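Below: the structure, in structure tokens.
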Amino acid sequence: MATNSSDADMNRKVALVTGITGQDGSYLAELLLEKGYDVHGIVRRSSSFNTGRIDHLYKDRHDTGVKLFLHYGDLCDATNLITIISKVRPTEIYNLGAMSHVKVSFDMPEYTADCDGVGVLRMLDAIRACGMEKEVRFYQASTSELYGKVREVPQSETTPFYPR
Numbered sequence: 032m033a034t035n036s037s038d039a040d041m042n043r044k045v046a047l048v049t050g051i052t053g054q055d056g057s058y059l060a061e062l063l064l065e066k067g068y069d070v071h072g073i074v075r076r077s078s079s080f081n082t083g084r085i086d087h088l089y090k091d092r093h094d095t096g097v098k099l100f101l102h103y104g105d106l107c108d109a110t111n112l113i114t115i116i117s118k119v120r121p122t123e124i125y126n127l128g129a130m131s132h133v134k135v136s137f138d139m140p141e142y143t144a145d146c147d148g149v150g151v152l153r154m155l156d157a158i159r160a161c162g163m164e165k166e167v168r169f170y171q172a173s174t175s176e177l178y179g180k181v182r183e184v185p186q187s188e189t190t191p192f193y194p195r
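Residue numbers for the sequence shown follow this note's numbering, beginning at 32 and rising by one.
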């Protein structure tokens with residue numbers, strides 16, 4: 032029995048992951064790939080590749096069966112986010128991208144606030160601009176740095192914060 036395109040669309044599993052080269056993003060990408068998702072990751076441009084955590088997952092996009100795709104982008108660039116979302120048409124977005132280095136966040140407070148704080152708004156606005164509010168599920172991650180000096184393992188929703 033042939034399936035029509037609407038059935039295929041309903042069964043699509045396409046994830047867009049920001050922060051894919053970080054610890055949690057790389058683990059999430061691996062899990063989603065194991066579950067049969069097409070995974071698209073957003074990576075910031077830099078003078079060197081920082082894909083070490085996902086190198087074992089990455090294949091040349093010209094090979095057959097490729098399920099992991101990387102896109103250059105930045106949470107500080109709304110136009111770029113709209114372009115990526117409209118191209119990928121994800122069913123799920125996992126926003127794990129952030130300035131995670133505490134010292135750098137203090138050295139560059141405006142950039143950190145812009146990307147980590149306003150970047151979430153840009154991502155949500157991009158979803159809306161693409162008309163995908165009802166089609167995409169959005170997950171916003173935070174950071175373990177909120178817990179600082181950990182006094183409880185594992186942490187939960189009720190664990191007190193002791194930032195450094």
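Ideal Cβ positions, reconstructed from N, Cα and C, are used throughout, including at glycine. What you are looking at is a predicted structure, and each value in this text was computed from that prediction instead of being measured.
May I ask you to report which of helix, strand or coil DSSP gives residue i?
i	result
residue 135	helix
residue 186	coil
residue 73	strand
residue 49	strand
residue 85	coil
residue 178	coil
residue 43	coil
residue 99	strand
residue 159	helix
Roughly how many angstroms lie between the CA atoms of residue i and residue j, to the nearest whole one?
i	j	result
residue 190	residue 132	22 Å
residue 81	residue 52	7 Å
residue 128	residue 49	5 Å
residue 63	residue 73	15 Å
residue 170	residue 147	14 Å
residue 68	residue 45	6 Å
residue 32	residue 56	A caution first: residue 32 carries a pLDDT of 46, below 50, which makes its placement in the model unreliable, though a value can still be read off. Cα to Cα, residue 32 sits roughly 38 Å from residue 56.
residue 181	residue 192	8 Å
residue 150	residue 143	9 Å
Measure the Cβ-Cβ separation of residue i and residue j and say whether it is below 7 Å.
i	j	result
residue 122	residue 43	yes
Could you tell me how far apart the beta carbons of residue i and residue j are, in whole angstroms, since I believe they sit closer than 8 Å?
i	j	result
residue 145	residue 107	5 Å
residue 70	residue 99	5 Å
residue 111	residue 172	Actually they are not in contact, since the Cβ atoms of residue 111 and residue 172 sit about 20 Å apart, beyond 8 Å.
So, do the stretch 113-122 and the stretch 141-161 have three or more beta carbon pairs nearer to each other than 8 Å?
-> Between the stretch 113-122 and the stretch 141-161, the count of Cβ pairs shorter than 8 Å is three or higher; the stretches touch.
Given 8 Å, three or more beta-carbon pairs between the stretch 84-100 and the stretch 163-174 = Here the stretch 84-100 makes no contact with the stretch 163-174; the two share fewer than three CB pairs at distances below 8 Å.
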